[in-house]
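Participant:
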Amino acid sequence: MSKVIVVTSGKGGVGKTTTSASFAAGLAGRGHRTVVIDFDIGLRNLDLVMGCERRVVYDFVNVINEEASLKQALIRDKVDNNLYILPASQTRDKDALTQDKVGKVIGELRENFDYIVCDSPAGIEKGALMAMFFADEALVVTNPEISSVRDSDRILGMLAAKSLRAIEGEEPIKEHLVVTRYSPERVNMGEMLSLDDIRELLGIDLIGVIPESEDVLQASNSGVPVIRNERSKSGQAYQDMVARFLGEEVPMRFLEVEKKGFLSRIFGA
Amino acid sequence: MKETETAGVAQSRRQRTSAVELKGTVFTLPVLKLHSTDLAAIEHELKVHLARGLNFFQHAPLVIDLAAVEEQAVELDFAAMGEMLRRLQLFTVGVRDAGPHLAEKAVAAGLAVLKGGVTTKKVAEKSVEELPVATEVSPRRTRIVRHPVRSGQQIYAKGGDLIVLSSVNVGAEVIADGNIHVYGTLRGRAFAGVTEDTGARIFAQSMEPELAAIAGNYQVFDEPVSPSLRGKPAQIYLEGEQLVVAPL
Chain W
1 MSKVIVVTSG KGGVGKTTTS ASFAAGLAGR GHRTVVIDFD IGLRNLDLVM
51 GCERRVVYDF VNVINEEASL KQALIRDKVD NNLYILPASQ TRDKDALTQD
101 KVGKVIGELR ENFDYIVCDS PAGIEKGALM AMFFADEALV VTNPEISSVR
151 DSDRILGMLA AKSLRAIEGE EPIKEHLVVT RYSPERVNMG EMLSLDDIRE
201 LLGIDLIGVI PESEDVLQAS NSGVPVIRNE RSKSGQAYQD MVARFLGEEV
251 PMRFLEVEKK GFLSRIFGA
Chain X
270 MKETETAGVA QSRRQRTSAV ELKGTVFTLP VLKLHSTDLA AIEHELKVHL
320 ARGLNFFQHA PLVIDLAAVE EQAVELDFAA MGEMLRRLQL FTVGVRDAGP
370 HLAEKAVAAG LAVLKGGVTT KKVAEKSVEE LPVATEVSPR RTRIVRHPVR
420 SGQQIYAKGG DLIVLSSVNV GAEVIADGNI HVYGTLRGRA FAGVTEDTGA
470 RIFAQSMEPE LAAIAGNYQV FDEPVSPSLR GKPAQIYLEG EQLVVAPL
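Here the protein sequences line up with chains W and X, keeping their order. For the first sequence, position 137 (counting from the first letter as 1) is numbered 137 according to the numbering used here, and the numbering increases by one without interruption. For the second sequence, position 65 (counting from the first letter as 1) is numbered 334 according to the numbering used here, and the numbering increases by one without interruption.
1. Pull up the distance between the alpha-carbon of Val14 of chain W and that of Asn143 of chain W, whole angstroms please.
2. Could you tell me the alpha carbon to alpha carbon distance between Val494 of chain X and Thr454 of chain X, rounded to whole angstroms?
3. Kindly indicate if chain X contains any beta-carbon less than 8 Å away from that of Arg165 of chain W.
4. Go through its chain and collect everything with a Cβ distance to Phe113 of chain W's Cβ below 7 Å, but skip five positions before and after it.
5. Any beta carbon of chain W sitting closer than 8 Å to that of Val443 of chain X?
6. Would the stretch 298-317 of chain X and the stretch 348-358 of chain X be scored as touching if the rule is three or more Cβ pairs under 8 Å?
7. Closer than 8 Å, CB to CB, is Gly12 of chain W near chain X or not?
8. Ignoring anything shorter than 3 residues, give me the beta strand (DSSP E) runs that lie fully in the stretch 187-217 of chain W, in order along the chain.
9. Which same chain residues, not among the five before or five after Lys395 of chain X, have their C-beta less than 8 Å away from its C-beta?
10. Tell me, please, whether the stretch 149-158 of chain W touches the stretch 77-89 of chain W by the rule of three or more beta-carbon pairs shorter than 8 Å.
11. With a Cβ-Cβ cutoff of 8 Å, do Phe347 of chain X and Lys374 of chain X count as a contact?
12. Could you check how far apart the C-beta atoms of Ile37 of chain W and Asp119 of chain W are, in whole angstroms? I think they sit under 8 Å.
13. Hey, would you say Val216 of chain W sits closer than 8 Å to Leu195 of chain W, going by beta carbons?
14. Restricting to Cα atoms, I'd like to know which of X:Ala461, X:Ala459, X:Leu301 is closest to Ile331 of chain X.
15. May I ask you to report which of helix, strand or coil DSSP gives Leu354 of chain X?
16. Mind reading off the beta-carbon distance from Leu177 of chain W to Asp205 of chain W? Whole number of angstroms is fine, and I expect it under 8 Å.
17. Would you give the residue range spanned by the beta strand (DSSP E) that Thr411 of chain X belongs to?
18. Identify whether Ile146 of chain W lies in helix, strand or coil by the three-state DSSP scheme.
19. Short of 9 Å Cβ to Cβ, which residues in the stretch 408-428 of chain X face chain W?
20. Measure the C-alpha to C-alpha separation of Ser281 of chain X and Phe360 of chain X and round it to an integer number of angstroms.
21. Does the CB of Val397 of chain X have a neighbour CB from chain W at under 8 Å?
22. In its own chain, which residues sit with a C-beta less than 6 Å from the C-beta of Arg412 of chain X, not counting the 5 before and 5 after it?
23. Residues of chain W with CB under 7 Å from Val439 of chain X, in chain order?
24. Which ranges does the alpha helix (DSSP H) cover as unbroken runs of at least 4 residues, wholly within the stretch 10-85 of chain W, from first to last along the chain?
25. On a Cα-Cα basis, can you pick out the residue from X:Asp491, X:Ile471, X:Phe490, X:Pro496 that is closest to Ala484 of chain X?
26. The alpha helix (DSSP H) with His313 of chain X in it runs from where to where?
27. Relative to the alpha-carbon of Val61 of chain W, which residue among W:Ile41, W:Glu53, W:Gly51, W:Arg76 has its alpha-carbon at the smallest distance?
28. Specify, as a first and last residue, the run of the beta strand (DSSP E) that Met1 of chain W falls within.
29. Roughly how many angstroms lie between the CA atoms of Val140 of chain W and Glu67 of chain W, to the nearest whole one?
30. Report the CB separation of Phe254 of chain W from Pro225 of chain W in whole angstroms; it is logged as a contact under 8 Å.
31. Need the endpoints of the alpha helix (DSSP H) that Lys126 of chain W sits in, please.
32. Within its chain, find whatever has a CB closer than 7 Å to the CB of Asp59 of chain W; leave out the 5 residues flanking it on each side and keep chain order.
33. Grab me the residues of Val397 of chain X's own chain with a C-beta within less than 6 Å of its C-beta, minus the 5 sequence neighbours each way, in chain order.
34. Name the DSSP bridge partner or partners of Gly429 of chain X?
35. Could you check whether Ala482 of chain X and Phe460 of chain X sit closer than 8 Å to each other, using their CB atoms as the reference points?
36. Please report the straight-line C-alpha distance between Ala342 of chain X and Thr306 of chain X, rounded to a whole angstrom.
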């Protein structure tokens, strides 16, 4: 049974595309046929983060308008045969998307893939609503600060009300909280919201905490999802998150301020 | 029942030396016009009327109008009728428009005989107005919400109270014609008693609203509630035109 997972947040710039890329790469790395779709028509980013921006011939809008087939538009990842990317159009805009047409594409993808990851644009307008409409599960990406939490709360309300599952009275979308750019030092200083605060405000289960890291910027610059950087704490945290999504019990890491050992204090980090 | 006192009665209020005083006084009395002498049928119909709230007539002295049943009334058992009416807590003072035979019977049964009386249309109309209309009193509905009310959502409990079995988040709005009960943290906006119910209240396990209003009187909470109340169960009610936040 294929699953459609939307990666959404409401707030912009919190790490949706970073998470979509690493999440999809992680699932594919575990042997599952995975496709990640960029729903941010006109402001495409996923192709950059996935390192395939120079291989885009056809895009999502071309497929919707039947100007190209899915096969022509899907880009296969260089590293992993299980992973495909459906990029967004850069020249068109969100009006090209309609529920029926998007539904048709999702339907076709369901026949060929185990996991369909929808990278949502920011906001609560058509693009975001379209990305969440066909979802079975949702990763709600939140930074530990209050405007992000409020926007995530808004998005959670919409997931519960404006999805196909909600409208048809089926089992609701399963919601997972992903806290990104987490800094235990700043939490301790009271600058950032703690995990308990976020959980209390949003009331959904935590599936992953991704620490703030310079590796993320490097990863998007080099076009390699950060999960593939084994030495990166963020990469490792994404690995843990994928494992939890697939049902494994994995304790949360990187939640405490790291105590530097004597030697590393002398010789630097 | 209206009482129009004559000057005489007014005078009688002042103390007198004699034991009694007879004064002419005008009273307006309800008239029960009979269209049948079937006591069982009359009793049944009166019961129906009383059940519907026709208590305008209850405990008032009734005058029985026999004009329509003059012929049959010859067989009417006045004593039984009096008893039946008493059972229904209707008190009869007398009869009117009774021919000489009926008058005799009435007197024998201890009823007075009234002459004349003007059925003023006005009074009749007023009595109709005063009759409580048998309305479908809709039971006050309570709306229960089991999920957190999220930012941007708006819940309106029409015709009753609202109970939220979770929290109301910042940017959410909960509205009720009656009271609002939040079994969680109230962080958003709450509007209780929106249909002019000044007695409506807002209850929360932790009272941290952005804005609260009762029957249109509102208050923003740019300063959070006092430390003694923060995080504790509290209520908000209206005192005059001021909202009061008090611990529970």
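Note that the Cβ used here is the ideal one computed from N, Cα and C, for glycine as well. All figures in this text were calculated on a predicted structure; none of them were measured in a lab.
Facilitator: In brief:
1. 6 Å
2. 13 Å
3. no
4. Ser2, Arg33, Thr34, Val35
5. no
6. yes
7. no
8. 206-211
9. Its pLDDT being 46, under 50, Lys395 of chain X is placed unreliably in this model, and the value from its coordinates should be taken loosely. Excluding positions up to five away in sequence, the list is empty.
10. no
11. yes
12. 7 Å
13. no
14. First, the residue type needs correcting, since residue 331 of chain X is Leu and not Ile in the sequence shown. The option with the nearest alpha carbon to Leu331 of chain X is X:Leu301.
15. helix
16. 6 Å
17. 410-414
18. helix
19. His416, Pro417, Val418, Arg419, Ser420, Gly421, Gln422
20. Reliability fails at Ser281 of chain X, whose pLDDT of 49 lies under 50, so the model's placement of it is uncertain and the value that follows must be treated cautiously. Computed Cα separation, rounded: 26 Å.
21. At Val397 of chain X, the pLDDT of 44 sits below 50, so the modelled position is not reliable; the number obtained from the coordinates is stated separately. Closer than 8 Å: no.
22. Ala426, Leu431
23. Arg150
24. 16-29, 46-50, 60-64, 70-73
25. X:Ile471
26. 308-320
27. W:Ile41
28. That residue, Met1 of chain W, is in no beta strand (DSSP E); it is neither H nor E in DSSP.
29. 33 Å
30. About 18 Å separates the two Cβ atoms, so there is no contact after all.
31. 126-133
32. Ala73, Pro87, Ala88, Ser89
33. Unreliable placement is indicated for Val397 of chain X, whose pLDDT of 44 sits below 50; the coordinate value is still reported in the next sentence. Cβ neighbours of Val397 of chain X beyond the five flanking positions: none.
34. X:Arg410
35. yes
36. 6 Å
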